[in-house]
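Have a look at the structure below before the remarks.
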Amino acid sequence: MRIFWTLSALALGGVMALPNSALAQLTDSPTEEVVKLLSEEDANRRRDAAYELVRRRDVSNEVVSAFSQLVSDKDEQVRFQALLGLARMGNTAEPAIDSLIECLKDRDDQIRFRAADALGKIGTAALQPLIEVWKTGNDNSKIAAAQALALIGTEAKPAAELLSQALEESTGNVPRYAAEALVAIAPQDEEAVLTLVKHQQVAVRRVGIAALVAIPTLSAAATEALRQATRDDEPKIRETAIVALAKAELPSADKADLIEVALLDAEDSVRAAAIVAMRKADLAHSEFAMRIAGRLQTAEPPAAIDLIKAISAIGPEASPTLPQLLQALPLNGLDENMISATLASFGQPVVEDLLSAIETRPTIEPILSRALALIGEPAVPALLQGMQNDNEVIRLAATRAIGGIQPLSQPLLDTLTAAIRDRSPRVRAVAAEALMQAPKQSDSSQAALLDAIADADSEVRSVALNSLTKVTFSEEQVQAALESALNDTSPQVRASALSVIAAQPAQLQQQLAQVIGAMSDGEMQVRRQAAQTLAKLNKDQVSPETRSVLAAALADAEHEVRIAATRTVQQLALTDDPFRDAITANLIDDVNLLLVSLEALAGFGEKAADALPTVSNLLQHDLADIRLAAITALAAIDQDKERLTSQLTAVLEDPEWPVRRLAGEQLGKLGPAAKEAVPKLFSLLLSDEDTDYANNALREIDTAPIEAIPMLIENIDSQERRVGFYAVSLLGKIGPPAAEALPKLEALLKEGRDRSDFRKKFVREAIAAIKGEPAS
795 MRIFWTLSAL ALGGVMALPN SALAQLTDSP TEEVVKLLSE EDANRRRDAA YELVRRRDVS
855 NEVVSAFSQL VSDKDEQVRF QALLGLARMG NTAEPAIDSL IECLKDRDDQ IRFRAADALG
915 KIGTAALQPL IEVWKTGNDN SKIAAAQALA LIGTEAKPAA ELLSQALEES TGNVPRYAAE
975 ALVAIAPQDE EAVLTLVKHQ QVAVRRVGIA ALVAIPTLSA AATEALRQAT RDDEPKIRET
1035 AIVALAKAEL PSADKADLIE VALLDAEDSV RAAAIVAMRK ADLAHSEFAM RIAGRLQTAE
1095 PPAAIDLIKA ISAIGPEASP TLPQLLQALP LNGLDENMIS ATLASFGQPV VEDLLSAIET
1155 RPTIEPILSR ALALIGEPAV PALLQGMQND NEVIRLAATR AIGGIQPLSQ PLLDTLTAAI
1215 RDRSPRVRAV AAEALMQAPK QSDSSQAALL DAIADADSEV RSVALNSLTK VTFSEEQVQA
1275 ALESALNDTS PQVRASALSV IAAQPAQLQQ QLAQVIGAMS DGEMQVRRQA AQTLAKLNKD
1335 QVSPETRSVL AAALADAEHE VRIAATRTVQ QLALTDDPFR DAITANLIDD VNLLLVSLEA
1395 LAGFGEKAAD ALPTVSNLLQ HDLADIRLAA ITALAAIDQD KERLTSQLTA VLEDPEWPVR
1455 RLAGEQLGKL GPAAKEAVPK LFSLLLSDED TDYANNALRE IDTAPIEAIP MLIENIDSQE
1515 RRVGFYAVSL LGKIGPPAAE ALPKLEALLK EGRDRSDFRK KFVREAIAAI KGEPAS
């Protein structure tokens, strides 16, 4: 990590404060002394010297020569700094061309990229060597050469023919980078760019499309090619084309047509690109908003949502679309806050329209009320009138909207206080909710909330009880309110009282007896909330009575109560046998209960060994979440590492990546005891999805079974760095039994074709280990 932070800081022209105080001393040292440090054996000193020289932006021959040698340093950080320094020197770094060309052949893509950057900035002096690399190098070297040629730009024209050939003859990523270089060499060559637009590779076509719109005046053929690209079968092409067209020299009407079609595309990415294009294009936005709003009724839900996003991006100019937007609501999958913000962006002129819509469409009242709140002060006069309206839903909306206005003035606070005594229970409940959210309270508003806690309507009482945690009342007032609520005839109110107690630890101690009693309540929601409330106890305050009711709750007739009780048992760290047995018995078909039970059993560790057969069977469950929870529980419970290794190794065949990854991570935690999993983990190194966790697990296991020797020998000289590294390293860990690997290891060492001293070090160490000799 230090490497990349350092490079980022230097790339921005900053100086990174390194822990080594010697670096500070270098700032005043002559260049020749700093250069001498580049030959030190200590890598840290070489790094500090390299950092300092890069910071100075010294372009002297002495520094160029030093950096030229450092690009092959055995320390990666030193190499990075040398390459960065050469890139900053521009054409002054010409003497380093040969060294940089060698770096284009490196296996590390960062080294190749940075070397290409330096060569490109050197300019035409690097042109011929780059052409030679292109002719003789592998795909990675060609890509790096193409990056350098692209930086050289128009002066790299002698390479154009080779690059053009690659478009037809090469595979993989080479054509894409060749295309980027060709565009940089001849940016105004419409004919050449059109060739890219028609290429078979999607990545090349995208390069061509982006390049086409950079040409000032396009022919009719080029314009038609762009239009066709917006209808391409490949979503990535349509995405690139629609954004590109926003910049193209096309009539606004044509752009509007194409963007409208893209907004209805089946692909999310294309619709998102269309919104970007709409912002960039010179359109008549009010007219365009009306056009796309007309599509809302017939568009599929995902496209309709993006149409609304586009209208939102247009802002106040889109206010004529209000009727269509209201007609489209409610819409499945819609972010209601987004539509509220969209409507609010139309401002004060739509306030009366929104109130009228609420009257005729009460089901969308919350969305429109939020919009009115976001409009804020300009909506207040109409909202105050709405508070006096005979229609309940208008008063409800006005109350909700006023409560959402920030900041809430004292007159509006007084209005909410009055609304808490409205004749409608729904309005009173909304007023209580809004009032308790206010940042400040008056004596009258506090009194109104206390009255609401004793309201005739149970919903109002339930909502108002929450004010006990948000508004400052006296201890006597809180106690009286809770005593009454815990004995309320409404289960909703009783549950709300328990929720308030859970939020106030001091209250829980005072009312513990009532909370325990609520565990026997006849209503499920009350028992569930009581179990959740007991979770707030301190672990050392759990009485025998509390244990008893929780154990009984684990066998409650309702799954939701059992789930709440299980979580509480887990949080209170209750690991007695009755709890373990009851939780094991809950490994049944209810998914949520299964998940929470498995998580709790993991906390019991080896005490839950009797549950192992059931937990093991859940490794085959249809749901990946259950399989994940079963892995975690199994790893915590099973102390037989050989058996656990076998089961987790089998899970590495799971069809879901998160499940395989967790199994691999747990195998890694077993260390050498999981060596029987090594062959499977080793094979996963070649999987793009699995390579990272397999790599980590192999590193932690750090050994291999004898049975893996043939497979490891076969992969000693693999071109995949991780595969080759682990093949060599693990053979060394096996030691003398891997003697049959010696000829191949020694041949690899003698070939010298691998430039990495780091790799050779491990080959030598493996050979020594197999021979039973001390490592050199």
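Sequential numbering from 795 applies to the sequence shown in my numbering. Every residue, glycine too, gets a C-beta built ideally from N, C-alpha and C. None of the values given here were measured: they were computed from a predicted structure.
Skipping 5 residues on each side, what residues in its chain have a beta carbon closer than 6 Å to that of residue i?
i	result
residue 905	897
residue 1071	1036, 1037, 1040, 1053
residue 1007	1038, 1041, 1042
residue 899	935
residue 1353	1384, 1387
residue 1364	1394, 1397
residue 1145	1173, 1176
residue 938	898, 906, 910
Just to check my reading of the structure: residue i and residue j have Cβ atoms closer than 8 Å, yes? What is that Cβ distance to the nearest angstrom?
i	j	result
residue 1229	residue 1211	7 Å
residue 1023	residue 998	Not confirmed; about 13 Å, so no contact.
residue 1136	residue 1102	6 Å
residue 1093	residue 1128	With a Cβ gap of about 12 Å, residue 1093 and residue 1128 do not count as contacting.
residue 1460	residue 1425	6 Å
residue 1376	residue 1345	6 Å
residue 1289	residue 1309	About 12 Å; that fails the 8 Å criterion.
residue 1141	residue 1172	7 Å
residue 1450	residue 1418	4 Å
residue 912	residue 877	6 Å
residue 1358	residue 1313	Wrong, their Cβ atoms sit about 10 Å apart, outside the cutoff.
residue 1478	residue 1485	7 Å
residue 1360	residue 1391	6 Å
residue 846	residue 820	4 Å
residue 1259	residue 1232	No, residue 1259 and residue 1232 are not in contact; Cβ-Cβ is about 17 Å, not under 8 Å.
So, using beta-carbon positions, are residue i and residue j closer together than 8 Å?
i	j	result
residue 1262	residue 1242	no
residue 1431	residue 1471	no
residue 1557	residue 1517	no
residue 875	residue 853	no
residue 1335	residue 1296	no
residue 1177	residue 1166	yes
residue 956	residue 925	yes
residue 1323	residue 1292	yes
residue 861	residue 880	yes
residue 1239	residue 1207	yes
residue 975	residue 1002	no
residue 1181	residue 1154	no
residue 1012	residue 1046	no
residue 1452	residue 1496	no
residue 1421	residue 1413	yes
residue 1083	residue 1115	yes
residue 1494	residue 1463	yes
residue 872	residue 890	no
Excluding the 5 residues preceding and the 5 following residue i in the sequence, name in chain order all residues of the same chain whose CB lies nearer than 8 Å to its CB.
i	result
residue 1564	1525, 1526, 1528, 1529, 1530, 1532, 1533, 1535, 1536, 1539
residue 1151	1120, 1158, 1162
residue 1555	none
residue 1549	Unreliable placement is indicated for residue 1549, whose pLDDT of 45 sits below 50; no coordinate value is reported for it.
residue 1510	1518, 1521, 1522, 1525, 1535, 1538, 1539, 1542
residue 793	The question about residue 793 has no answer, for the chain in this structure spans 795 to 1570.
Identify, in the order they occur along the chain, each residue of the same chain with its Cβ nearer than 7 Å to the Cβ of residue i, setting aside the five sequence neighbours on each side.
i	result
residue 1254	1219, 1222, 1223, 1226, 1246
residue 1515	901
residue 977	987, 1001, 1005
residue 1168	1134, 1135, 1138
residue 1098	1090, 1122, 1125
residue 918	946, 949
residue 1029	1061, 1063, 1064
* To do: Count the C-beta pairs between the stretch 962 to 969 and the stretch 920 to 931 that are closer than 8 Å, then say yes if the count reaches three, no if not.
  => no
* Quick one: which unbroken alpha helix (DSSP H) runs of 4-plus residues sit fully inside the stretch 1321 to 1379? Chain order, please. => If we require 4 residues or more, the alpha helix (DSSP H) runs fully inside the stretch 1321 to 1379 come out as 1338 to 1347, 1353 to 1365, 1371 to 1379.
* Run through the stretch 879 to 953 for me and flag every whole alpha helix (DSSP H) of 4 or more residues, listed as ranges in chain order. => Qualifying alpha helix (DSSP H) stretches, in chain order: 891 to 897, 903 to 916, 921 to 930, 933 to 946.
* Asked: Curious, which full-length alpha helix (DSSP H) runs of at least 4 residues does the stretch 1403 to 1480 contain?
  -> Secondary structure in the stretch 1403 to 1480: the alpha helix (DSSP H) runs of 4 residues or longer, each lying completely within the stretch, are 1406 to 1411, 1418 to 1431, 1435 to 1445, 1451 to 1464, 1472 to 1478 in chain order.
* Which runs of the alpha helix (DSSP H) fall wholly inside the stretch 1139 to 1214 and span at least 4 residues, in chain order? -> 1145 to 1154, 1159 to 1169, 1174 to 1180, 1186 to 1198, 1204 to 1213
* To do: Entirely within the stretch 1219 to 1307 and at least 3 residues each: give me those beta strand (DSSP E) ranges in chain order.
  => none
* Any alpha helix (DSSP H) of 4 or more consecutive residues that is wholly inside the stretch 1071 to 1142 -> 1079 to 1087, 1095 to 1108, 1116 to 1122, 1130 to 1138
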